[in-house]
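Chains as they are written, first to last, in the working numbering: chain A, 0 to 286; chain B, 279 to 526; chain C, 1254 to 1532.
We treat Cβ as the ideally placed atom computed from N, Cα and C, and that holds for glycine.
Working notes for the structure below.
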Amino acid sequence: MLALDLLLQGVVQGAIYALIALGLTLIYGLLRILHVAHAALFTLGGYIGVIVTNETGSLPLALIVAMVSVGLLGIVIYRLAYKPLLDQSPLVALIASIGLFIAFEEVFRLVFGSYGLSFENPPLRTQVNLGGGLLISHSKLLVIGMAIIMLSILAWLSTRTRTGIAWKATVTDSQIASSFGINIERVRYLNFFIGSALAAAAGVMVALLTNLVEPTMGAVASYKALAIIVLGGLGSVRGTLVAAIAIGIVESFGTVYVGHILDRDALAFAFLVIALMIRPQGLFKAG
Amino acid sequence: MLLSVSNVTVQFGGVTAVADLSLQVDRGELIGIIGPNGAGKTTLMRVISGLVRPTSGSILLNGQDVTGWTIDRRVRSGLALAQQIVKPLATFTLAENVALACGSRRMGSPWQAMTTVNRNAELQRGRELLELVGIAAAADDYPSAVPLGHLKCLELARALALEPELILLDEPLAGLNQAEAAQMADRIASLVTESRSIILIEHNLREVIRICPKLFVQDQGRYLDFGVTEKVMANPKVRTAYLGEGAI
Amino acid sequence: MAYEVILLTTMAITVLFALSLNVITGFCGQVSLGHAAFYGIGAYVGAMLTKGGWPLLMALLPAAGVAGLIGFFVGLMSLRVRHDFLAITTMGIAFLFVGFVRKQEWLGGEIGISGIPAFGFGRIGLLVVALACAGLFAAVTIYLKRSWMGFGFDSIADDEDTARILGIDVPRFKLWAFVIGTAGAGVAGALYAHHVRYIGPDSFGFVESVTVLAMVIIGGIGSVWAVALAAAVLSVLPLWFQFIDDYKLLIYGLLVFAVMRFSPNGIAGALQSFRRRLR
């Protein structure tokens, strides 16, 4: 039973990683930028989720508000921070992004306080029996469901709509795409909007699971999401999903079985380093 | 025998790019490798230089088996490569590009590199080589500031700077106009000495036939013919491969 | 007086730390997001030895040696991965180091090592040693940059495939960069341990790795003087901002962002264009 329980935990954690890392992968695929400040948008999503839920009592409304507003902020960040740096070495954008991330964390601390916020009436805390004594809370179910729904919408958008096809073409080869008359700039805006909105959704989900949002909750996301997209092959959506779930599962099993030697983060990175030594280009080719 | 390629086969994920090719080059030879598009010429070049590992077969340089060696090791033991797509070091001036190559054989060991500061001799030699290939005036320019023709010459100068016994040239005439190409071809022919051989891959048949005493022909990765230029060009199989069936 | 000594020692140690990364990232072009691990290795080795009765000056050598040895193995790994993959691999190494130390009783585990003996020649003595180490390392790296090794590093940083075609033994050059850089970080770490006299796993985390990389990039990749200047300023910036305590990290973050946004080539680049304008 323990094994199943751990597997379930790993999948839930992996689903959250996937939501965070997906936006990062989309942005990397298009601009070759390691966007560390993405983790700040995840934190902001969590805050907006908790605050709006507490004010209005509606979780779905909070989720939508968080996703839309954070998505818009993502566009602003692209326009003001990254666009002027696209011609520079990617390191420049990386360091700028880290500076931005530190500044964001401080803003959250100053505005929302250092101690964090919680739901007044934590939603979805009840447990469901999956049969065989395997219990799961409604919030965890929602997390898995959300990941599946978001990814399905994304898959549908990218294969069935004009915008989505333009977007995929741009990620694959922006020069060819622009010669076909695709407005690259609009695609980039869309990319940042969707990626940031997904991060916000992940933030709300984590708030639901832990019933706590705090200024530093993005710290783990900032580096682990990088590890996941690299493991997935940098820019590969499918690779990112597989890597996210794999790392979630490695962590949940590892902390139980080898937790006395290495901590959670070290386990994830041990897995990453070994995987990269075997496959230096990540699990999947980008594209 | 300077270079001996024996029964080399290269497969990329099930596709055979080069099948069972063998080629011998003596000192002082100038050999043209020709064949239609997709003949696997560049792959053969990459195998000889060490950019690609063969699936089977072996490569001997100066009697030494170099099949498992990295390209930089082969370069330090007498091979030089000028690529079709020019690859200058963008943060180096042209003279520095050549100077680095001048010193690299001696600086192969990091210890030697660490204890040597002076690079004036190499920079001087670099300028001489740029003079030799006719772009001395641009010696202090950066690669982004000079035309493609200059960069092609730079590739050649860098290859010479390595003081190689064997130079591999991949499409050195591509992108040049007719006059430039003829001039470059003459320059290449003049570089062959008793102790220096050149293998030339080139699409410009006219110039290849004009300057190369011997030709190696391959088609779709397979050997077609190897020998004296006139004889090879008279071979009906070669004519078919180039001009299509019934063109004889 | 005591305060200034502490400030200057912090500066000297940080300059040494940043210059050590500058060899790997600035000279050789290999991005490392995990350099704090080697700072940490040096700190732990140094602290364990002096607690065992060694004098600090003798402990510096094994600190450099162990850090350099592990740096050699990380360098070997770096030969397999490139660019962003390398950056994240080195970041992984740093997390492995911290995660490993956290679980080791004999290294103090979560709690860390406290009661590290003070340097025998006092605070001023430590300052002199730190300045000497930083100065010596700066001199060595300036020399390296001018030598053929620096020429080789430049070519690898520019385009390693082309460097190979020109006969440069890229793997060996890279390994040297890693060994020199990580050994330097080891010395800086040992000095740091005896400067603050308490170390724990959290002293060498991701933030520290990122901070030192920021110093190298903000200084301007490769330039020894500019990197030293950036490290000196950034190391004491949070202390200078004490009077606006609540906002100091916010300002730090914004400053890092602003330098990159408005002067992407760092201080070295800004100085260069300033000089050009004067002419």
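From the beta-carbon of Thr394 (chain B), the residues of chain C found nearer than 8 Å are Ser1400, Trp1401. Taken atom to atom, the span from the alpha-carbon of Met66 (chain A) to that of Gly1324 (chain C) is near 43 Å. By the Cβ neighbour-count rule, Ser195 (chain A) is buried, with 16 or more other Cβ atoms within 10 Å of its own. The shortest C-alpha to C-alpha distance from Thr1343 (chain C) to any of C:Val1284, C:Ala1441, C:Leu1389 is the one to C:Val1284. Per DSSP, Tyr114 (chain A) is not a residue of any alpha helix (DSSP H), being assigned neither H nor E.
The C-alpha of Phe270 (chain A) lies about 8 Å from the C-alpha of Ile246 (chain A). Boundaries of the beta strand (DSSP E) around Asp448 (chain B): 444-448. Around the Cβ of Val170 (chain A), a 10 Å sphere holds 16 or more other Cβ atoms; the residue is buried. Here the region 98-113 of chain A makes no contact with the region 1474-1484 of chain C; the two share fewer than three CB pairs at distances below 8 Å. For Lys365 (chain B), the chain C residues whose Cβ falls inside 8 Å of its Cβ are Asp1412, Asp1414, Thr1415, Ile1418, in order along the chain. Taking each of C:Ala1441, C:Ile1433, C:Lys1304, C:Gly1365 in turn and checking the Cα distance to Thr1263 (chain C), the smallest one comes out for C:Ala1441. Between Leu189 (chain A) and Leu93 (chain A), the C-beta gap is not smaller than 8 Å, which leaves the two residues out of contact. In its chain, beyond the 5 residues on either side, Ala14, Leu18, Ala200, Met204 have a beta carbon closer than 8 Å to the beta carbon of Met145 (chain A).
Asn398 (chain B) carries a helical assignment under DSSP once its states are collapsed to helix, strand and coil. Nearest Cα to Val364 (chain B) within the set B:Glu433, B:Leu301, B:Val395: B:Glu433.
For Phe1426 (chain C), no Cβ of chain A is located within less than 8 Å of the residue's own Cβ. The DSSP-derived three-state label of Asn120 (chain A) is coil. Distance from Val376 (chain B) to Gly404 (chain B) at the Cβ level is roughly 3 Å; contact confirmed, criterion being Cβ atoms closer than 8 Å. Taking 7 Å as the Cβ-Cβ cut-off, the region 372-398 of chain B approaches chain C at Leu378, Ala379, Gly381, Ser382, Arg383, Met385, Gly386, Pro388, Ala391, Met392, Thr394, Val395, Arg397, given in chain order.
Counting along the chain, Leu299 (chain B) sits inside the beta strand (DSSP E) bounded by residues 293-303. Interface flag for Asp1407 (chain C) against chain B is set, since a Cβ pair is found closer than 8 Å. Counting only runs that start and end inside the region 1477-1525 of chain C, the alpha helix (DSSP H) elements of at least 4 residues fall at 1477-1493, 1501-1515. Within chain C, no C-beta atom comes nearer than 8 Å to that of Pro214 (chain A); the closest sits roughly 11 Å away.
Annotation: Cβ neighbours of Pro1517 (chain C) in chain A (cutoff 7 Å, chain order): Leu84, Gln87, Val91. In this structure Ala2 (chain A) is exposed. Its beta-carbon is surrounded by fewer than 16 other beta-carbon atoms within 10 angstroms. Note on geometry: alpha-carbon atoms of Glu480 (chain B) and Leu30 (chain A) lie some 37 Å from one another.
If you draw a straight line from the Cα of Ile489 (chain B) to the Cα of Ile477 (chain B), it is about 12 Å long. Residues of chain C with a Cβ closer than 9 Å to the Cβ of Asp4 (chain A) do not exist, since the nearest Cβ in that chain sits about 23 Å away. For Gln496 (chain B), the uninterrupted beta strand (DSSP E) run begins and ends at 492-497, by DSSP.
For Asn190 (chain A), the enclosing alpha helix (DSSP H) stretches over residues 183-209. Following the DSSP letters along the chain, one finds Val1319 (chain C) inside the alpha helix (DSSP H) bounded by residues 1309-1331.
Taking the C-beta atoms as reference points, Gly48 (chain A) is found no nearer than 8 Å to Leu71 (chain A). Taking the C-beta atoms as reference points, Glu449 (chain B) is found no nearer than 8 Å to Ala463 (chain B). In the DSSP assignment, Ile1421 (chain C) falls outside any alpha helix (DSSP H), carrying neither H nor E.
Annotated as distal: Leu1490 (chain C) and Val106 (chain A), with beta-carbon spacing of 8 Å or more. For the region 253-268 of chain A, the beta-carbon criterion of a distance under 9 Å to any beta-carbon of chain C is satisfied by Gly258, His259, Ile260, Leu261, Asp262, Arg263, Asp264, Ala265, Leu266, Ala267, Phe268.
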